[in-house]
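Colleague:
There are 2 protein chains.
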Amino acid sequence: MTAIRPPAVQPPTVRAPTIRDVADRAGVSIGTASNVLNRKPQVGAALRDKVLEAARELGWRPNGVARSLRQRRTGVVGLCVPLTGSAYFAAMVEAFEEVAASQGHAIMQVLSHSDPALELARVETLLARQIDGLVLVPSAMPAQTLDTIARSGVPTVVVDRLTDDQRFDTVTLDDAGAMRRVTEHLLSLGHRRILYCVRYPELVTTQARIRSFEATMREAGPAVQSRVLARPEDPLAYAHDLCSALAGPAHPTAIIASNSILAQWTLQALTRAGWHWPGDISVLAFDEPAWAELVTPPLTCVRQPVQAIARHAWQQLLARLAGESGPRRHVVLEAELVLRGSTAVPAAGS
Amino acid sequence: MTAIRPPAVQPPTVRAPTIRDVADRAGVSIGTASNVLNRKPQVGAALRDKVLEAARELGWRPNGVARSLRQRRTGVVGLCVPLTGSAYFAAMVEAFEEVAASQGHAIMQVLSHSDPALELARVETLLARQIDGLVLVPSAMPAQTLDTIARSGVPTVVVDRLTDDQRFDTVTLDDAGAMRRVTEHLLSLGHRRILYCVRYPELVTTQARIRSFEATMREAGPAVQSRVLARPEDPLAYAHDLCSALAGPAHPTAIIASNSILAQWTLQALTRAGWHWPGDISVLAFDEPAWAELVTPPLTCVRQPVQAIARHAWQQLLARLAGESGPRRHVVLEAELVLRGSTAVPAAGS
DNA sequence: TGGGCGCAATGAATCGTTTCATTTATGGTA
DNA sequence: TACCATAAATGAAACGATTCATTGCGCCCA
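So the sequences go chain by chain: Y and D. According to this note's numbering, the first sequence holds residues 1 to 350 in order. According to this note's numbering, the second sequence holds residues 1 to 350 in order.
#1: When Cβ atoms are compared, which residues of the segment 81-112 of chain Y fall closer than 9 Å to chain D?
#2: Closest to Ser34(Y) by CA distance: which of Trp60(Y), Val14(Y) and Arg15(Y) is it?
#3: Apart from the five residues just before and just after Ala230(D), which ones in its own chain have a Cβ nearer than 7 Å to its Cβ?
#4: Would you identify the three-state DSSP class for Ile4(D), choosing helix, strand or coil?
#5: How would you call Asn259(Y), buried or exposed, if buried means at least 16 neighbouring beta carbons within 10 angstroms?
#6: Could you tell me the alpha carbon to alpha carbon distance between Thr2(D) and Phe213(D), rounded to whole angstroms?
#7: Skipping 5 residues on each side, what residues in its chain have a beta carbon closer than 7 Å to that of Ala344(D)?
#8: Could you check whether the Cβ of Thr125(Y) sits closer than 8 Å to any Cβ belonging to chain D?
#9: Are the beta-carbon atoms of Arg25(D) and Leu58(D) separated by less than 8 Å?
#10: Given that Trp291(D) touches chain Y, what residues does it touch there, using C-beta distances under 8 Å?
#11: Would a check of beta-carbon distances place Thr74(Y) closer than 8 Å to chain D?
#12: Opposite Glu336(Y) in the DSSP bridges: which residues?
#13: Give a yes or no on whether the C-beta atoms belonging to Ile210(D) and Val228(D) are separated by under 8 Å.
#14: Tell me the DSSP secondary structure of His113(D) in three-state form.
#15: Is the segment 311-323 of chain D close to the segment 283-292 of chain D, with three or more CB pairs under 8 Å?
#16: What's the gap between the Cα of Pro249(Y) and the Cα of Met179(Y)?
#17: Quick check on the burial criterion: 16 or more other C-beta atoms within 10 angstroms. Buried or exposed for Ala91(D)?
#18: So if DSSP puts Asp160(D) in a beta bridge, which residue, or which two residues, is it bridged to?
#19: Under 8 Å, Cβ to Cβ, is there at least one residue of chain D near Arg328(Y)?
#20: Straight-line CA distance for Leu262(D) to Ile19(Y)?
#21: Got a sec: is the Cβ-Cβ distance from Gln130(D) to anything in chain Y below 8 Å?
#22: Just checking, does the segment 230-245 of chain Y make contact with the segment 163-177 of chain Y on the three C-beta pairs under 8 Å criterion?
#23: For Arg61(D) and chain Y, any beta-carbon pair shorter than 8 Å?
#24: Between which two residues does the beta strand (DSSP E) holding Ser282(Y) run?
#25: Contact between the segment 140-155 of chain Y and the segment 294-307 of chain Y: three or more CB pairs below 8 Å?
#26: Report the start-end ranges of each alpha helix (DSSP H) in the segment 165-228 of chain D that is 4 residues or longer and not cut off at the edges.
#27: How many whole angstroms separate the CB atoms of Leu267(Y) and Val204(Y), which I take to be in contact at a CB cut-off of 8 Å?
#28: Going by Cα to Cα distance, which pick from Pro155(Y), Gln166(Y) and Met217(Y) is closest to Arg181(Y)?
#29: Could you spell out where the alpha helix (DSSP H) holding Ile261(Y) opens and where it closes?
#30: Can you look up Gly153(Y) in the DSSP assignment and give me helix, strand or coil?
#31: Whether or not the segment 116-125 of chain Y and the segment 92-102 of chain Y are in contact is what I'm after, with contact meaning three or more pairs of Cβ atoms, one per stretch, closer than 8 Å; do they touch?
#32: Is the beta carbon of Ala23(Y) closer than 8 Å to that of Thr32(Y)?
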C-alpha cells in the first residue's frame, strides 16, 4: 500500500502527435487508424496507405503508456538482483537483457544490495509500475518480499537462491553437490585443514554449501578440520580476519572463497601478507571472474552456468506469462569445477 | 514511426483493486480517495482515516501506468550503454541505479552492443515507453539516433563520448589530456616505441586519444615511433595480431590498452606467448579493472571518475527535467593516472 | 436572520490507446 | 429487384488514475 510516487518533473512542452492527429490527417476515424497501425486485417488498401503516410509525416510513435493501460500489460519484466559488482550477477543481468530484448520485452532492473527492506521497497516500485513478470534473486530474509509478490499475483521466477517457499518456480544451482566436489578435490590433494570464507552466512545458498562442506569433511575422518570465516565488512577487515585465521602452526592449507569478490579480497590479502599460492596455501573460488586466468598461477574455480540460468528462468517466465498454470517447476543446474594452478598438494611441512 | 509492440501476454486473471474499489469501500468519491492517497490537504481527518484503512485492507497499490498516462510522465529514465562487460560501464550503470533509485526514479537500461542500428532500435523502444529522460553513451555513428532523440524532445545527456553535436548536454572525459599524460609517462621512462591497442578506432573518444598520442609522440622527436593496433575481433585474433606487432628487433617496448577488456586480452596474450611485464614490455590500460592490483606486478592504469560522471550527468538531467532551458552545458572531467608496477624503464637491449 | 466566506467533498473531464458492437458500403445470388 | 452475406469503417466505451471547476455545508459577522 506504500504510495510510490515519481518526483516532480515538468511534462514536456511540445506534445507528441497522437493517433487522433494521424486519423485526422488521414481523414479517417481513430478506430481505423488504430487498425492500420496494429496491422489488423479489416482495412482497405487505400486507407491503409493514407494512414501510414500520415503517421510517417507526423513522426507518430505509439504511446506505450496508453497502450499498456488499455491492454493491462506493459511488456516490462522486473529483475531484482543483490548487486552487479559480482561478475556472476553482472553476467546474469546481461544474459537477461539479451534474451528479453530479442523478444520485445524490456527489463527494469533494481538492486537490493542484499538488504531485505531495500529489496521489498524496490520490488514494490516494480509492482507499482505494473511489470508483467519478475525475476528475483532473493536476499537472505525474503519472507516479506515473497509474500508481497505472491499477493500481487505477478508471475515470478526465483533464481539462484533456493527458498523453501513452494509458491514460486525456481531455477537454482546444486550448491551442495558443487561444494562436495570442491571439498573432495582439496581432500584428494591431501589438504586436511580447509577454510571456507563467506560473505553472507545466512543465505540459503551459503548454508547448503556450509552443510555440504562440513559433512564431506566429517566423512573424511576425525583428523580433518573445517572452518568457516563469515561476514567480512570490507577488504581491510577481511584481510585482518584472514591473517588471524592463518596464524599458528596448524593453520588451514586451503581457502575456498564463496564468490568472485571474496576471491579478489583473498588474493589481495594474501599478496599483501606475503603468502604465495599454491605454495603456501591453495585457493579456490566459486564464480569465474574475468581475471581467473590472469593471476599467476591462474585461479581454480567453480564455473556457474549463468547463461543457462537466464535461459531457463526466462523460458519458465514466458510460459507463465502465456498463461500456463501447471504445478511449480524447479530446475536445478550443475556447476563445473575448473581446475587451474591455484590449488595444489599442500607443502610438506604443513 | 516504427511500431514497437510488446509480445503476447495474458492479462492477469485476478484484477488488482483500483482506487474506485477503495473509494467504494470507504464510502467516498474517487476524487476524495485520490486526494487522501496523494496527501492533498483539503480533506477531513475522519474520511482520511477511512480511506487509508480501506486502502490498507484491500492492499491497494497505485497503478503507475494510469498515473503516468494522466500526468504525462513516467518517472523512468532510459540508459543506453554499449555493453556492461567492461568494468567501466558496469560501474557506470550501477552508479546511475543508485542515484536514480534514491530519488524515486527508475532506470530502464538497454544495450546497444556498439551497433548503430541496434542502438537506434533500442532507443526507439525507450521513447515509445515514454521515458522522461535519457542518458546515452553513443555508438560510433550515432547520427540517426541523435536525430531521433532530438526530434522526440526528450531531455538527454550524452555521456562519455563527445559528439560534435550541439543539441545535447554532455559529460565527457578529457581523453586527449589523459592520453598525453599516459604517453609522457612512458616517454619519461625511456620508451621510444609505443603500441596503442584499441577496439573501435571510429569512436570519437578513441580518435581524440589517437590524435593526442601521435602528437605527443611527434613532439618527442623523430626517433620515436607510435603505432596503433585496431579492431581485434576476439581474444585469439587479438593475440595473433599482438604477436606480429611485437615481432622483430625494433618491437614496441610499451603497450597501451584502450579499456579493461583489451587489457585482459593483452595480459592473457602476453602470458601465453611467454612475455613478462614490465621486464620484456610495459603495459598500461585505460579503465581500472577490479583485478588491477591482483596481477603481478599490478597494472598501471587510467582511473576514470565513473561516479563523478554519473553524478554530473544525473544532475544535469534533473535540471532539464525540472524545466531548465538554458544553453547546453558541457562538463569535462579529468582522469587519474594510477602508477603501479606494470610500467617500468625498458630493458637495456630494446 | 441572511449573506458571504472557506473548507470539504464531489463528479466529470482527461490522458492516448485498444477493442468491440454497430453502421455503412459492396457485391453476389435468387 | 430484393435480399443477404461479407467486408470496411465508425464511434464509443473501456483502462485507472489525476485534476479542477463546482457544489454543499457550517460558521461568523453584520
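Glycine is no exception: its CB is placed at the ideal position from the N, C-alpha and C atoms. Keep in mind the model is a prediction, meaning the values are calculated, not measured.
Modeller: In terms of the structure at hand:
#1: Leu83, Thr84, Gly85, Ala87, Ala90, Ala91, Val93, Glu94, Glu97, Glu98, Ala101, Gln103, Gly104, His105, Ala106, Ile107, Met108, Gln109, Val110 and Leu111
#2: Among Trp60(Y), Val14(Y) and Arg15(Y), the Cα nearest to that of Ser34(Y) belongs to Trp60(Y).
#3: Val198 and Pro201
#4: Note on Ile4(D): pLDDT 45, under 50, position unreliable in the model; the coordinate value appears next. If DSSP states are grouped into helix, strand and coil, Ile4(D) belongs with coil.
#5: Around the beta carbon of Asn259(Y), 16 or more other beta carbons lie within 10 angstroms, which makes this residue buried.
#6: Note that Thr2(D) scores a pLDDT of 40, beneath 50, so its modelled location is shaky and nothing firm can be said.
#7: Result list for Ala344(D): Leu189, Pro278 and Ser282, in chain order.
#8: Yes, because at least one Cβ of chain D sits closer than 8 Å to the Cβ of Thr125(Y).
#9: Yes, Cβ-Cβ distance for Arg25(D) and Leu58(D) is below 8 Å.
#10: Gln264, Pro289, Ala290, Trp291, Leu294 and Val295
#11: Judged by the 8 Å Cβ criterion, Thr74(Y) is in contact with chain D.
#12: Arg303(Y)
#13: yes
#14: DSSP, reduced to helix, strand and coil, places His113(D) outside both helices and strands of the structure shown, so it counts as coil.
#15: no
#16: 26 Å
#17: buried
#18: Beta-bridge annotation (DSSP): Asp160(D) is paired with Thr172(D).
#19: no
#20: If you draw a straight line from the Cα of Leu262(D) to the Cα of Ile19(Y), it is about 48 Å long.
#21: Gln130(D) belongs to the set of residues whose beta carbon lies under 8 Å from a beta carbon in chain Y.
#22: no
#23: Interface annotation, Arg61(D): in contact with chain Y, CB-CB separation under 8 Å.
#24: Per DSSP, Ser282(Y) is one residue of the beta strand (DSSP E) stretching across Ser282 to Phe286.
#25: no
#26: 175-189 and 204-219
#27: Contact doesn't hold; Cβ gap of about 27 Å is too wide.
#28: Met217(Y)
#29: Ser260 to Ala273
#30: Residue state for Gly153(Y) is assigned as coil, using DSSP reduced to three classes.
#31: no
#32: yes
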